[in-house]
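Start counting the sequence shown at 0; every next residue gets the next number (numbering that gives the first Met the number 0).
Beta carbons: idealized from backbone N, C-alpha and C, even for Gly.
Here the structure is a predicted model, which means the values were calculated and not measured.
Report on the following structure.
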Amino acid sequence: MHLARHHDSLQFQPLTEARLDEVERLEQQAHAHPWTRRHFADTLVAGYQAQLLCSADDILGYFVAMQGVDEVHLLNITVALVHQRQGWARMLLDALAIWARAQGAQWLWLEARVSNARALQVYEAFGLRRVGLRKGYYPSGQGQREDAVVMSLKL
0 MHLARHHDSL
10 QFQPLTEARL
20 DEVERLEQQA
30 HAHPWTRRHF
40 ADTLVAGYQA
50 QLLCSADDIL
60 GYFVAMQGVD
70 EVHLLNITVA
80 LVHQRQGWAR
90 MLLDALAIWA
100 RAQGAQWLWL
110 EARVSNARAL
120 QVYEAFGLRR
130 VGLRKGYYPS
140 GQGQREDAVV
150 MSLKL
């Protein structure tokens, strides 16, 4: 694995305004329906938990989560395209779960596109369970909508 030599410099850093352009670029490369820079800027204003997983100056991935009363809702989790399929999503989910427990959360919630088989596989391997379906939750281009799988994990 070409990142092995960087493992000693792995760290989580909070998303800051200075890195919004970089994160937007990674988001656009990684997703067919990416968040905009404005989405990320709004999460900073709202005070959501937004963390970057970095190796030296390189962003491997990130997550954005919203804290509720006794739950945390994962809004975005992304691994940079060039770093996918190396286990980073699992590390991001681990960090999120640790943070959520520290906030006193009992549950972790998220939605995923029904077509996003890889994400669903990663979430299920992590222990999240499918608990429902939201019809037409996501826009999918050409005026179409796509259902969301609702998943949760008891922390």
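Legend entry - Same chain, Cβ closer than 7 Å to residue 90, five either side skipped, listed in chain order: Within the sequence shown, residue 90 is the residue found at index 91, counting from 1. Cβ within range, chain order: 52.
Inset, instruction - Would you list the one or two residues that DSSP bridges to residue 110? - result: Within the sequence shown, numbered from 1, the residue matching residue 110 stands at position 111. Note: residue 110 sits in a beta bridge opposite 149.
Inset, instruction - Find the nearest neighbour of residue 75 within the set 110, 154, 126 and 55, judged by alpha-carbon distance. - result: By one-based count along the sequence shown, residue 75 stands at place 76. Considering only alpha carbons, the answer is 110.
Legend entry - Meets three-Cβ-pair contact criterion under 8 Å: the segment 124-133 and the segment 54-72: Touching, no, given that fewer than three Cβ pairs across the two stretches are closer than 8 Å.
Legend entry - Stretch pair the segment 12-25 + the segment 41-52: three plus CB contacts closer than 8 Å: yes
Inset, instruction - Apply the 10 Å Cβ neighbour rule to residue 60 and answer buried if 16 or more other Cβ atoms are within range, or exposed otherwise. - result: Locating residue 60 in the sequence shown gives position 61, where the first residue counts as 1. That one is buried.
Inset, instruction - Just grab the DSSP bridge partners of residue 60 for me. - result: For this step, residue 60 is matched to residue 61 along the sequence shown. Residue 60 is bridged to 52 and 78.
Inset, instruction - Verify whether the separation of the beta carbon atoms of residue 151 and residue 108 is less than 8 Å. - result: Taking the first residue of the sequence shown as position 1, residue 151 is located at position 152. Taking the first residue of the sequence shown as position 1, residue 108 is located at position 109. Cβ distance < 8 Å, so residue 151 and residue 108 count as in contact.
Inset, instruction - With DSSP as the reference, label residue 10 as helix, strand or coil. - result: In the sequence shown, counting from the first residue as 1, residue 10 sits at position 11. Note: residue 10 maps to strand in three-state DSSP.
Inset, instruction - Return yes when the Cβ of residue 100 is within less than 8 Å of the Cβ of residue 145, no when it is not. - result: Taking the sequence shown and counting its residues from 1, the one referred to as residue 145 is at position 146. Taking the sequence shown and counting its residues from 1, the one referred to as residue 100 is at position 101. No, they are not a contact pair.
Legend entry - Start-to-end residues for the alpha helix (DSSP H) that takes in residue 68: Walking along the sequence shown from the start, residue 68 turns up at place 69. Taken as a continuous stretch (DSSP letters only), residue 68 belongs to no alpha helix (DSSP H), as it is neither H nor E.
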